[in-house]
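S.K.: Structure provided below as structure tokens; questions to follow.
Protein chains: 2
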Amino acid sequence: MPRPWKLAAVQMDCHLGDIPFNLHQMTARLREAANEGAKLVVFPECILCGYCFESRDEAFAHAEPVPGPSVEVLMLTCRELEIYTVYGLLERDGDRLFNTLALVGPEGLIASYRKIHLPFLGADRFTTPGDRPFAVHDLNGLKLGMNICYDGSFPESARVLTLLGADLIVLPTNWPPEARLNPLHVVLTRAFENRVYYAAVNRVGEERGVRFIGLSRIVAPDGTLLAVSESDQAEILFAEIDPTQARRKRIVHAAGKYELDRIADRRPEMYGPLLQREERA
Amino acid sequence: MPRPWKLAAVQMDCHLGDIPFNLHQMTARLREAANEGAKLVVFPECILCGYCFESRDEAFAHAEPVPGPSVEVLMLTCRELEIYTVYGLLERDGDRLFNTLALVGPEGLIASYRKIHLPFLGADRFTTPGDRPFAVHDLNGLKLGMNICYDGSFPESARVLTLLGADLIVLPTNWPPEARLNPLHVVLTRAFENRVYYAAVNRVGEERGVRFIGLSRIVAPDGTLLAVSESDQAEILFAEIDPTQARRKRIVHAAGKYELDRIADRRPEMYGPLLQREERA
């Protein structure tokens with residue numbers, strides 16, 4: 001049986017374009033979370049460099065390869081503290097720019113995820129859509145899937161990760177006020193409909209007139225809120241993640257007179273080819 | 282341009298197994314809703330006959346063909362009032378039993394929908410899973426899609442209807458207390474993620490120890506609540522449905538510095554074959 005994990009969701013601000021400052025802050029938060037027993041520490045989208053760049057050149061100047069400098073630094077902290085972390089950054093790969101998450105542990109880079117769904121906002125006006133499939137990563141028995149911000153609006157993002165076996169889906173975000181229904185309703189729905197743990201980790205602070213609203217939450221597979229920020233201020237949320245809970249998809253109520261399994265009860269043969277088609281019918 | 286429609290969602294009780302009484306009540310509600318200007322009146326799941334049958338024989342005894350007796354009766358009311366209605370019933374087709382919605386107008390039966398996702402509860406312990414694909418029906422310019430209760434837990438149900446062009450998705454339900462997260466969060470998410478009107482119409486009352494919780498709601502394409510029941514008492518909700526709103530999928534905020542389209546921005550090529558596969562990977 002996989003053991004439970006203590007998860008930390010770090011709702012925080014950063015300084016646009018100031019990677020050394022941000023790395024210093026992130027390292028301090030890693031230490032704080034590890035002191036509370038966290039084994040996996042998740043930061044917001046683009047927390048390494050900020051998000052609201054005004055040009056492609058400006059964004060590119062604050063991007064780095066993955067693995068690259070920040071992975072090297074954070075690996076050392078993870079090794080010292082015996083923890084794992086997921087954090088957002090801008091990645092450059094040749095001439096291309098991606099909105100990326102790095103999953104780093106004591107041995108270095110374990111995996112990265114390039115944001116698949118892009119809104120026209122901030123740095124995403126200049127990034128290339130993620131070109132690698134959704135994937136699930138095994139952390140000593142915990143199966144972790146990664147989405148970023150706008151991915152969360154598309155039910156397919158969490159659904160595909162669930163069908164790949166995810167126990168926990170993390171959603172680092174940069175939610176502005178217009179995205180408010182996401183923390184209030186969508187995040188809980190993603191956990192509930194997939195019966196997985198779901199952790200949305202948002203920015204706070206403001207960049208060039210764009211304010212980030214906080215409201216991070218960690219939701220259990222049954223839709224229970226395990227940890228919630230009700231503000232737009234910095235804080236760290238903690239919750240215990242038990243992979244066995246996410247794998248018990250069958251729900252029995254009323255002494256067996258009411259049973260359901262929102263994964264096994266799917267009817268894929270009735271969904272037709274539409275979900276994968278490019279065009280609307 | 283299609284004209285706006287006034288929709289009525291009839292949250293009501295019925296008497297288990299007493300079709301004449303229920304038809305009489307439904308006819309009265311049709312008249313009441315039409316008096317308020319409604320052109321489309323939606324009733325809960327299985328409202329014609331009730332839901333909590335204890336055996337297949339008992340359920341089958343209260344099922345009827347579609348079209349059949351209740352379609353004949355309600356067609357006459359629709360013709361007199363110049364309206365359309367959607368209502369739930371148990372349908373028999375040879376030896377098979379389905380949990381069905383009938384869409385009826387002045388000319389008679391327009392379409393029916395057989396519930397595709399079945400929980401193990403009430404009459405659904407004895408019904409056959411819906412065997413016909415999701416479909417959208419054109420009511421003088423309003424494109425209507427139908428789901429039933431547990432279908433709403435599966436994002437694929439509303440997604441397929443949206444990709445088929447639905448402006449409005451109706452979800453007649455029989456939600457017990459255990460399904461409470463559906464009205465509180467999932468219904469709003471379905472409207473928001475698909476940018477369609479979404480109307481969930483629940484039962485009230487109690488059948489053989491199963492209590493139905495009401496909490497019906499009509500949600501706009503932007504996730505705004507247009508009409509809400511906050512109780513488990515009978516009432517009729519009204520809202521104006523403007524198909525052109527549901528077809529404007531592109532959202533522009535902040536003078537064009539923030540734009541998105543939750544349908545066009547999908548990346549079907551990244552969802553892989555998983556969404557249609559039978560087995561989990």
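Chain order of the listed sequences is A and B. With my numbering, you'll find the first sequence wraps up at 281, consecutive numbering, no jumps. With my numbering, you'll find the second sequence wraps up at 562, consecutive numbering, no jumps. Built from N, CA and C at the ideal position, the CB exists for glycine as well.
(1) Identify the residues that DSSP records as bridge partners of LYS115(A): which are they?
(2) Are the beta-carbon atoms belonging to CYS149(A) and GLU58(A) less than 7 Å from one another?
(3) Residues of the region 164-182 of chain A in Cβ contact with chain B at a cutoff of 8 Å, in chain order, please.
(4) Under a CB-based cut-off of 7 Å, is PRO524(B) close to chain A?
(5) Strictly below 9 Å CB to CB, what residues from chain B border ILE19(A)?
(6) List the residues of chain B that GLU288(A) touches, going by C-beta distances under 8 Å, in chain order.
(7) Is HIS137(A) close to chain B? Criterion is C-beta to C-beta, closer than 7 Å.
(8) Whose C-alpha, out of LEU89(A), CYS14(A) and ALA34(A), is nearest the C-alpha of GLN25(A)?
(9) Between ASP265(A) and chain B, is there a C-beta pair that is closer than 7 Å?
(10) Hey, out of THR27(A), ASN174(A), GLU64(A) and LEU40(A), whose CA is closest to THR51(A)'s CA?
(11) Flag THR189(A) as yes if its beta-carbon sits less than 7 Å from any beta-carbon of chain B, otherwise no.
(12) Which class does ILE517(B) belong to by DSSP, given the choice of helix, strand or coil?
(13) Under 9 Å between beta-carbons, which chain B residues line up against SER153(A)? List them in chain order, please.
(14) Report yes if the CB atom of GLN196(A) is closer than 7 Å to the CB atom of ILE218(A), and no otherwise.
(15) Name the residue from ALA383(B), LEU518(B), THR408(B) and VAL485(B) whose alpha carbon lies nearest to the alpha carbon of LEU297(B).
(16) Do you know offhand how far ASN194(A)'s Cα is from ARG3(A)'s?
(17) Could you check which residue in GLY389(B), SER434(B), ASP503(B) and THR408(B) has the C-alpha nearest to that of GLU178(A)?
(18) Going along chain A, which residues have a C-beta under 7 Å from ARG440(B)?
(19) Using the Cα positions of THR100(A) and ASP432(B), report the straight-line distance between them to the nearest angstrom.
(20) Within its chain, find whatever has a CB closer than 6 Å to the CB of PHE334(B); leave out the 5 residues flanking it on each side and keep chain order.
(21) DSSP three-state call for ALA220(A): helix, strand or coil?
(22) Are any of the Cβ atoms in chain A nearer than 7 Å to that of TYR478(B)?
(23) Does ARG293(A) pass the burial test, meaning 16 or more other C-beta atoms within 10 Å, or should it be called exposed?
(24) Enumerate in chain order the residues of its own chain whose CB-to-CB distance from PHE415(B) is below 6 Å, with the five nearest sequence positions on each side excluded.
(25) Tell me whether the region 416-426 of chain B and the region 237-254 of chain A touch, counting them as touching only if at least three CB pairs, one residue from each stretch, are closer than 8 Å.
(26) In chain B, which residues lie less than 7 Å from GLY272(A) when you measure between Cβ atoms?
(27) Taking C-beta to C-beta, are ALA501(B) and ALA290(B) nearer than 7 Å?
(28) Less than 7 Å between the C-beta atoms of ASN463(B) and GLN292(B), yes or no?
(29) Helix, strand or coil: how does DSSP classify PRO301(B) here?
(30) Since PRO410(B) meets chain A, which of its residues come closer than 7 Å, beta carbon to beta carbon?
(31) Report the residue from ALA472(B), LEU362(B) and TYR368(B) whose alpha carbon sits nearest the alpha carbon of THR505(B).
(32) Closest Cβ-Cβ distance between GLY223(A) and chain B: below 7 Å?
(33) Is ILE47(A) close to chain B, meaning its C-beta is less than 7 Å from at least one C-beta of that chain?
(34) Using CA coordinates, which residue listed in ALA520(B), GLU372(B), ALA309(B) and LEU541(B) is at the minimum distance from PHE154(A)?
(35) Please say whether ARG125(A) and PRO106(A) have beta carbons closer to each other than 7 Å?
(36) If contact means a Cβ-Cβ distance below 8 Å, which residues of the region 383-397 of chain B contact chain A?
M.R.: On the basis of the coordinates in this document:
(1) The count along the first sequence starts at 1 and reaches residue 115(A) at position 115. DSSP lists no partner for LYS115(A).
(2) Locating residue 149(A) in the first sequence gives position 149, where the first residue counts as 1. Locating residue 58(A) in the first sequence gives position 58, where the first residue counts as 1. For CYS149(A) and GLU58(A), no; Cβs fall outside 7 Å.
(3) LEU164, GLY165, PRO176, GLU178 and LEU181
(4) As a working mapping, residue 524(B) is identified with position 243 in the second sequence. Not closer than 7 Å to any Cβ of chain A, the Cβ of PRO524(B) fails to qualify, so no.
(5) Here residue 19(A) corresponds to residue number 19 of the first sequence, with the count starting at 1. Those within 9 Å of ILE19(A) in chain B number zero; the least Cβ separation is about 24 Å.
(6) Here chain A covers residues 1 to 281 and nothing more, so residue 288(A) does not appear.
(7) Start at 1 with the first residue of the first sequence, and residue 137(A) comes out as number 137. HIS137(A) is outside the set of residues whose beta carbon lies under 7 Å from a beta carbon in chain B.
(8) Translated into the one-based positions of the first sequence, residue 25(A) becomes position 25. Of the candidates LEU89(A), CYS14(A) and ALA34(A), the one whose C-alpha sits nearest the C-alpha of GLN25(A) is CYS14(A).
(9) On the first sequence, residue 265(A) is found 265 positions in, with the first residue counted as 1. Chain B contact via Cβ: present.
(10) Start at 1 with the first residue of the first sequence, and residue 51(A) comes out as number 51. It is worth fixing the name first, because residue 51(A) is Tyr in this sequence and not Thr. That would be ASN174(A), whose Cα lies nearest to the Cα of TYR51(A).
(11) Here the question's residue 189(A) lines up with position 189 in the first sequence. Yes, its Cβ sits closer than 7 Å to a Cβ of chain B.
(12) The sequence position of residue 517(B) within the second sequence is 236, counting from 1. Strand at ILE517(B).
(13) Counting from one through the first sequence, the residue named residue 153(A) turns up at place 153. Neighbours of SER153(A) on chain B, chain order: PHE473, GLU474, LEU541, ARG543 and ASP546.
(14) Here the question's residue 196(A) lines up with position 196 in the first sequence. Here the question's residue 218(A) lines up with position 218 in the first sequence. For the record, residue 196(A) in the displayed sequence is Val; it is not Gln. No. Outside cutoff.
(15) Taking the second sequence and counting its residues from 1, the one referred to as residue 297(B) is at position 16. Ranked by Cα distance from LEU297(B), the options ALA383(B), LEU518(B), THR408(B) and VAL485(B) are led by VAL485(B).
(16) The residue given as residue 194(A) occupies position 194 in the first sequence. The residue given as residue 3(A) occupies position 3 in the first sequence. For ASN194(A) and ARG3(A), the distance between alpha carbons rounds to 21 Å.
(17) Translated into positions along the first sequence, residue 178(A) becomes position 178. The option with the nearest alpha carbon to GLU178(A) is ASP503(B).
(18) Here the question's residue 440(B) lines up with position 159 in the second sequence. The answer, in chain order, is PRO155 and LEU275.
(19) Your numbering for residue 100(A) matches position 100 in the first sequence. Your numbering for residue 432(B) matches position 151 in the second sequence. Cα to Cα, THR100(A) sits roughly 34 Å from ASP432(B).
(20) The count along the second sequence starts at 1 and reaches residue 334(B) at position 53. In the same chain as PHE334(B), and ignoring 5 residues on each side of it, the C-beta atoms closer than 6 Å to its own belong to ALA340 and ALA404, in chain order.
(21) Indexing the first sequence from 1 puts residue 220(A) at position 220. For ALA220(A), the secondary structure class from DSSP, reduced to helix, strand or coil, is coil.
(22) Looking up residue 478(B) in the second sequence gives position 197. No, its Cβ sits nowhere closer than 7 Å to a Cβ of chain A.
(23) The question about residue 293(A) has no answer, for chain A in this structure spans 1 to 281.
(24) Your numbering for residue 415(B) matches position 134 in the second sequence. For PHE415(B), where only same-chain residues beyond five positions count, the Cβ hits under 6 Å are VAL441 and LEU442.
(25) no
(26) Your numbering for residue 272(A) matches position 272 in the first sequence. Per Cβ cutoff of 7 Å: PRO414 and VAL441.
(27) Position 220 of the second sequence, counted from the start, is the residue given in the question as residue 501(B). Position 9 of the second sequence, counted from the start, is the residue given in the question as residue 290(B). No, the pair does not count as a contact, with Cβ atoms beyond the cut-off.
(28) Working through the second sequence from its first residue, we reach residue 463(B) at position 182. Working through the second sequence from its first residue, we reach residue 292(B) at position 11. In this structure, ASN463(B) sits away from GLN292(B), with a CB-CB distance that is not shorter than 7 Å.
(29) Mapped onto the second sequence, residue 301(B) falls at position 20. DSSP places PRO301(B) in helix when its eight states are reduced to three.
(30) Position 129 of the second sequence, counted from the first residue, corresponds to residue 410(B). What PRO410(B) touches in chain A: ARG267.
(31) Counted from its first residue, the second sequence places residue 505(B) at position 224. Of the listed residues, the one whose Cα sits closest to THR505(B) is ALA472(B).
(32) Numbered from its first residue, the first sequence carries residue 223(A) at position 223. Taking 7 Å as the CB threshold, GLY223(A) lines the interface with chain B.
(33) The residue you call residue 47(A) lines up with position 47 of the first sequence. By this cut-off, ILE47(A) is not an interface position.
(34) As a first step, residue 154(A) is located in the first sequence; it is residue number 154 there, counting from the start. Considering only alpha carbons, the answer is LEU541(B).
(35) Taking the first sequence and counting its residues from 1, one reaches residue 106(A) at position 106. Taking the first sequence and counting its residues from 1, one reaches residue 125(A) at position 125. Contact flag unset, no.
(36) ILE397
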